[in-house]
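Written below as structure tokens is the structure these notes are about.
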Amino acid sequence: MGFGDFLFGLGETAEGVKVFFMIVGLLIILPPIFLYRFVKFLMR
225 MGFGDFLFGL GETAEGVKVF FMIVGLLIIL PPIFLYRFVK FLMR
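Now the structure itself:
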């Protein structure tokens, strides 16, 4: 395992972590918006 391979693996991991946090962020942010719209729709 060379140093280049190590850096490449680190880059891939960082990319994976970024995508993971993006998905988690969306899961945290989106439900309240949908709930709000749903409630507004029901209250009409």
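Numbering of the sequence shown is given in our numbering, commencing with residue 225 and proceeding in unit increments.
Using N, Cα and C, we set each Cβ at its ideal position, and we do this for glycine too.
Small disclaimer: the values here were computed from a predicted structure and weren't measured.
Delimiting residues of the alpha helix (DSSP H) encompassing residue i
| i | result |
| --- | --- |
| G240 | F227 to M267 |
Through-space distance from residue j to residue i, alpha-carbon basis
| i | j | result |
| --- | --- | --- |
| R268 | V248 | 31 Å |
| F244 | F230 | 21 Å |
| G233 | F265 | 47 Å |
| R261 | A238 | 35 Å |
| E236 | G226 | 15 Å |
| V192 | P256 | As displayed, the chain neither begins before 225 nor continues past 268, which places residue 192 out of reach and without an answer. |
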